[in-house]
Structure formats: C-alpha cells, structure tokens
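Asker: First residue of the sequence shown? That's 1104 in this note's numbering, and the numbers climb one at a time after it. C-beta atoms are modelled at their ideal positions from N, C-alpha and C, and glycine is treated no differently. Take this structure first; my questions come after.
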Amino acid sequence: MKKHGHFHWKEEQKNWAKIVEPVAAKSGHAVCRICDNDGILKQIIVSKSKSDRHVYKCIKSARWGDKIPMDVKDECNATAAEEVETIHE
C-alpha cells in the first residue's frame, strides 16, 4: 500500500478517475472535469463545507492529468455535497 496525503490505496486499484482539464479551485469549492473509470466524461463540484475534507483537499490540489484514487460514483453517493454532471459532447 502507498500513502498519499491522507489517502491509503492499493497499487492495483482500478477505480481511478483522471482529471482531463485544469481544476477550477474557487473559494469554498472546486470544480473539475474527469474521465471516470468507465470512460465517461463528468464534471464534479466539491464543496469545502459539505463534502468530506479529504476528498475536497485531494480535488483542490490535483492537477490536469492526475488520477484521483477513488471511485467518483461511490464517493458522490456517500456525500450529498458533491454534484456530478455527465457531459455529452
């Protein structure tokens, strides 16, 4: 297992989402577009006050091309603060 900030994950984890555009980190929330583990382009909004603190910090500090060590669907179902929008382009 590797330790990255506050996250612990296994090397072989497959449920990673990749950030496909620079994260727009605003005061109190962060907006980013990701390609989830199913290959679907999504935009997620993570609120500092309503979402999990570790998820918020991970998203806010992430850069274009980084992989997020979580399954976005599971994380968003677990906390009502994150909004997910599927992008149809």
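When we look at the beta-carbon of His1157 and count the other beta-carbons within 10 Å, is it buried (16 or more) or exposed?
Answerer: What you label residue 1157 is simply residue 54 of the sequence shown in a count that begins at 1. Exposed: under 16 other Cβ atoms inside 10 Å.
Asker: Below 8 Å CB to CB, which residues in the same chain sit around Trp1167 once its five sequence neighbours on both sides are set aside?
Answerer: The residue you call residue 1167 lines up with position 64 of the sequence shown. If we look at Trp1167 and ignore the five residues flanking it on each side, its Cβ neighbours are Ile1122, Val1123, Glu1124, Pro1125, Val1126.
Asker: Could you check the C-alpha separation between Ile1147 and Pro1172 for me, to the nearest Å?
Answerer: In the sequence shown, counting from the first residue as 1, residue 1147 sits at position 44. In the sequence shown, counting from the first residue as 1, residue 1172 sits at position 69. Each residue's Cα considered, the two are about 15 Å apart.
Asker: Per DSSP, what kind of secondary structure is Arg1136 in: helix, strand or coil?
Answerer: One-based indexing of the sequence shown puts residue 1136 at position 33. Arg1136: strand per DSSP, three-state reduction.
Asker: Answer yes or no: do Ala1133 and Lys1163 have a C-beta to C-beta separation smaller than 8 Å?
Answerer: The residue given as residue 1133 occupies position 30 in the sequence shown. The residue given as residue 1163 occupies position 60 in the sequence shown. Cβ distance < 8 Å, so Ala1133 and Lys1163 count as in contact.
Asker: Just the C-alpha distance for Ser1130 and Asp1141, rounded to the nearest angstrom, thanks.
Answerer: The count along the sequence shown starts at 1 and reaches residue 1130 at position 27. The count along the sequence shown starts at 1 and reaches residue 1141 at position 38. Spanning the two alpha carbons is a distance of roughly 30 Å.
Asker: At which residues does the alpha helix (DSSP H) containing Ile1162 begin and terminate?
Answerer: Against the sequence shown, residue 1162 aligns to sequence position 59. Where Ile1162 is concerned, the enclosing alpha helix (DSSP H) stretches over 1156–1164.
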